[in-house]
Amino acid sequence: MFKERNKLYLACLIAASLLVGCGGSGSNGNQNQVEETPPPPPPPPPPPPPPPPPPVNVSGKVIDGYVSGATVWLDINGNGIFDESEPKTVSEAGGNYRLELPDELKDCAVYSNLYVDVPVGAMDEDTGEVTEAYQMMFPARLSPLSDEDIFNISPLTTVLADLIKADLAKDKQNGLSCGELKSSAQLRSDIQSKLDDAIANLVAHYNIAAATIFADFIGAEDKTTKQLALSIVKGLKASYAYKEKVQAKYPQASYIRVEYFQGSESDNQNAYPDAWYRQTAVWLPDGFESELVKMADDLNREIRPIYLRMVQDKTWGDGTLSITKDIASQGGDDSPYICSSSEAVSISRNGVTYKLDNGSSGGQADSIQACVNDGMVRDPRRYFYVDYLAQGVRYDARFDVNANQSDYYALPAWVQLEQQEPMDFSELIAHFETLEYAFDAEVNNSRYESWHKRSTDDAHGNRVQIDKYSTGQWVRLSYRDDGTYLKECSQDGKIWGSCT
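Counting along the sequence shown from 1, when you hit position 55 you're at 55 in UniProt numbering, and nothing is skipped either side.
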């Protein structure tokens, strides 16, 4: 009975507390009321995605005269052939073009060559409708792209790009893609060095400032450069057609260069400055072939070959064996052909490259067909070459010997190498180390018929190149910011003055 009353009492207490909690009575009911938490407001809508970055514009002019109707394209994969995935545009009035690149290809604007295909039917504002197709180029610049950059594609930039491509082919580096250059600082450094060399060569060859190569010489009313460009374009058109024939003959070639130009030091020291010449160079998997031919003014008829060279390379032990055959008539139109051959073996050890060249003359002939490259049979000579890099400066040395010098008889087994098994290069290197090849080393002139040393300093700003010869003559070329240079001469390498 007592338990039942306790249960009833507890039930009443619980009921009373519930009434109070619900505000059923008492003056404090509102103060004790628990209000419900309102639901949170809905989240704000997400911000719209940022707009895609604006496309990068590569712009400039196509210049021969100003050319409209030409296709400008960027060679992303470096194969020298337009692929449908590569960006392109067409030049308009005034030669103007604008090539839009998506953001992911922005870097490729400076790591890839620009090409322009000028078809039959395009319009040249100076000469009218184009009747012969040709191609021009602008080389990869390797410097960051800015909105102010102008990429004028002209005959001069084409010659520059062709020089670089030929230099790359010698090192078997042609066909480099944008991706390969982006990922390799060493490759970029190599290409930059070749670009600098090519600009210097072009400046020296045409006697123009480096800035002129990339300029709008029509807009600047530069009549001298315009006339030079017209001459180059005549050669470009002929090169474009002849190159197709060479490609058909050498389908295995890694690179082919065809160039037409006026005047050649190789033909009697430029005795015919207005004559046209065709230079063809073919890089093959196992060697190299080139020819220089004097041409008629129409650039179609061959007048006479001036120089032919054939080089075959093969691995020889730890080094490389090269067999070279030359046929040359360089004394003028009536000069005979000199037939010569040489074998050379080279090896690189500890940053130094050593090369022994066994050269000779094979006699004379009245025609190329009668020329016989019969090897080491007449007028034998040997040439010792060494090159190395020290503190960023490139050094080269060459020593020539003939049968009157004792060094000619050194390394007696190192002849007729094509018929021999590879030998131990330690013997060759040991003899080379007796040569005074270091740039500042005193040379015993009685050891050699002649010698020549060169230092090329690109490590301290603008290039400084110094040559010294067995005659006692020194020559220094100090390059300026615009690519031109100051030439000075000396008899001791200390006191320099103008060259006479």
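Even for Gly, the Cβ is constructed at its ideal location relative to N, Cα and C.
Problem set entry | Inter-residue Cα distance where the pair is T315 and K355 | 14 Å
Exercise. Can you tell me where the alpha helix (DSSP H) with L228 in it begins and where it stops?
Worked result: K223 to K249
For this session: Could you have a look at S435 and say whether DSSP puts it in helix, strand or coil?
Result: A small correction: the amino acid at residue 435 is Leu; Ser does not occupy that position in the sequence shown. Of the three classes helix, strand and coil, the one that applies to L435 here is coil, per DSSP.
For this session: Ignore the nearest five residues each way along the sequence and tell me which others in Y485's own chain have a CB closer than 7 Å to its CB.
Result: Here the set comprises L477, S478 and Y479.
Problem set entry | Through-space distance from Q247 to L284, alpha-carbon basis | So the alpha carbons of these two residues sit roughly 11 Å apart.
Problem set entry | In DSSP terms, what K325 is bridged to | M310 and S341
For this session: Return yes when the Cβ of N174 is within less than 8 Å of the Cβ of K182, no when it is not.
Result: no
Exercise. Cβ atoms of E291 and L321: under 8 Å apart, would you say?
Worked result: no
Exercise. Which residue's Cα is closest to the Cα of G472: T158, P39 and K453?
Worked result: K453
Exercise. Quick one, are the C-beta atoms of R98 and N57 less than 8 Å apart?
Worked result: With respect to N57, R98 sits close: the two C-beta atoms are nearer than 8 Å.
Problem set entry | C-alpha distance - I431 paired with L411, whole-angstrom precision | A small fix is needed here, since residue 431 is His in this sequence, not Ile. Answer to the nearest angstrom: the Cα atoms are 8 Å apart.
For this session: Pull up the distance between the alpha-carbon of Q135 and that of K494, whole angstroms please.
Result: 48 Å
For this session: Hey, could you find the ends of the beta strand (DSSP E) H452 is sitting in?
Result: S450 to D457
Exercise. Which residues bound the alpha helix (DSSP H) around C178?
Worked result: C178 to S183
For this session: Would you mind stating whether L142 and Y115 have Cβ atoms separated by less than 8 Å?
Result: no
Problem set entry | G363 in three-state terms, based on DSSP | strand
Exercise. From what residue to what residue does the beta strand (DSSP E) around D64 run?
Worked result: Run containing D64: none; DSSP gives neither H nor E here.
Exercise. Leaving out five residues before and five after V464 in sequence, what residues of the same chain have Cβ atoms less than 6 Å from its Cβ?
Worked result: D457 and S478
Exercise. Which of the three DSSP states, helix, strand or coil, is assigned to N28?
Worked result: For N28, the predicted model reports a pLDDT of 47, less than 50, meaning its position is unreliable; a value from the coordinates is still stated below. Correct three-state label for N28: coil.
Exercise. Can you list, in chain order, the residues of its chain whose CB lies under 6 Å from that of P422, leaving out five sequence neighbours each side?
Worked result: Closer than 6 Å at the Cβ level, and outside the excluded window around P422, lie W316 and G317.
Problem set entry | Three-way DSSP call (helix, strand, coil) for Y206 in this model | Helix at Y206.
Exercise. Beta strand (DSSP E) containing I256: first to last residue?
Worked result: Y255 to Q262
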